[in-house]
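Take a look at the structure below.
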Amino acid sequence: MKQAKDINLDGFDWGQYYEERSRRFTDPLVASEYITPEGKLESALIEAMTGFVIEHLAPVSTDRFLEIGCGCGVMLSSLADRGVLGPETSGIDVSPGMIEKARLMVTLATFEVMDAASVGKLGKKFDKILLWGVLHYLDRRDYVTAALREITDVLRPGGKILLGWVPDADRKDDYVAWRKSLPAVDHSLRTPRKAGLEWLWFEKAFFRDLGNRYPASVEILEHRGFPGGLEHYFFSVLIRSEA
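Those letters in the sequence shown? Residues 1 to 243, by the UniProt record's numbering.
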């Protein structure tokens with residue numbers, strides 16, 4: 001990912017969008033869109049996501065843990081509350097405003113303003129790396145490939161990367177139709193942005209091929225038990241580095 005002001009995906013500047021939200025809203029849950037337009041906290045969704053990460057990434061407090069695209073630190077905060085993170089926890093995001101909020105929300109972690117393809121500049125190797133709901137906001141598919149190359153380079157032998165909540169290209173048309181069918185009161189979900197028209201959508205084969213490029217195994221994960229009907233349109237990817 002480029003610096004926030006330079007990101008542009010089909011005319012929509014995602015980095016600037018979230019930077020503006022970080023400045024506009026004091027509450028990190030609002031800035032991160034974990035509170036609906038009606039003011040309802042998506043606590044069940046946060047709980048489901050956290051449980052999924054713990055199940056598949058299996059973080060422990062002694063891990064050197066990195067979240068890429070950490071936003072305001074909502075996921076890291078939820079994981080920290082479960083006692084699975086320790087002092088060797090880091091988070092990066094391209095939005096300075098989001099990072100400011102993350103530093104207040106998760107005091108045990110170290111945060112940097114940085115894009116996904118620059119993780120080597122951290123000068124560390126990590127046991128566990130998380131990208132949750134991030135890939136579809138990146139610039140281009142070739143950028144995703146380049147970023148994943150850099151990310152796998154900072155993974156310790158035997159480590160894991162979880163690419164969470166990846167939009168399934170095979171379900172794009174169904175997803176867009178479902179979003180547009182939602183009640184008109186939920187205006188934010190009916191916009192092209194929320195309808196997924198400006199996302200990157202991925203075929204599962206794109207990730208299966210990673211195992212041929214890197215010394216790692218790749219597993220496609222399906223979602224179960226997520227609220228709101230969203231689980232059918234997304235999948236996750238678990239990458240395990242060779243020990």
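Virtual Cβ for every residue (Gly too), placed ideally from N, Cα, C. Note that the structure is predicted; figures quoted are calculated from it, not measured.
Mind checking who residue i pairs with in its DSSP beta bridge?
i: residue 244; result: The structure shown has nothing for residue 244, since the chain only spans 1 to 243.
i: S236; result: L221
i: F126; result: L155
i: F202; result: D168
Could you say which of the options lies nearest to residue i if we only look at CA atoms?
i: E242; options: D127, A116 and R21; result: D127
i: G123; options: E150, K204 and D139; result: E150
i: G225; options: F52, M105 and P157; result: F52
i: E88; options: P59, K180 and P96; result: P59
i: I68; options: S61, M98 and E47; result: M98
i: G73; options: D81, A102 and A116; result: A102
i: L163; options: A205, G15, Q16 and L57; result: L57
i: P215; options: V113, P167, G158 and R140; result: G158
i: residue 265; options: A48, V106 and V84; result: Outside the shown range of the chain (1 to 243) lies residue 265, about which nothing can therefore be said.
i: V119; options: R23, F65, R179 and I239; result: F65
i: A177; options: L230, D142, G211 and G133; result: L230
i: L221; options: S61, G211, L238 and H232; result: L238
i: G71; options: F235, E112 and R179; result: E112
i: N212; options: D139, T145 and H232; result: T145
i: D63; options: L79, A48, T50 and A116; result: L79
i: R140; options: E198, A48 and Y18; result: E198
i: E19; options: F206, V94 and D27; result: V94
i: V84; options: E100, I54, P96 and L135; result: I54
i: K172; options: P28, S22, E203 and L131; result: E203
i: A116; options: I46, S236 and G15; result: G15
i: F206; options: H232, P28, A169 and S181; result: A169
Hey, could you find the ends of the beta strand (DSSP E) residue i is sitting in?
i: D159; result: Inspection of the sequence shows that residue 159 is occupied by Gly rather than by Asp. Segment L155 to P167, the beta strand (DSSP E) holding G159.
i: F111; result: T110 to V113
Is DSSP giving residue i helix, strand or coil here?
i: E67; result: strand
i: L197; result: coil
i: L131; result: strand
i: F226; result: coil
i: S78; result: helix
i: G91; result: strand
i: R103; result: helix
i: S118; result: helix
i: D142; result: helix
i: G211; result: helix
i: E33; result: coil
i: V176; result: helix
i: S61; result: coil
i: G86; result: coil
i: S22; result: helix
i: Q16; result: helix
i: G73; result: coil
With residue i and residue j assumed to form a contact (beta carbons below 8 Å), what rounded beta-carbon distance in angstroms separates them?
i: A44; j: L76; result: So it is not a contact: roughly 19 Å between Cβ atoms.
i: R240; j: K125; result: So it is not a contact: roughly 15 Å between Cβ atoms.
i: A147; j: L155; result: Their Cβ separation, rounded to whole angstroms, is 13 Å, which puts A147 and L155 out of contact at 8 Å.
i: F234; j: W132; result: About 11 Å; that fails the 8 Å criterion.
i: P227; j: A48; result: 6 Å
Taking the alpha helix (DSSP H) that residue i falls in, what are its first and last residues?
i: F52; result: S43 to L57
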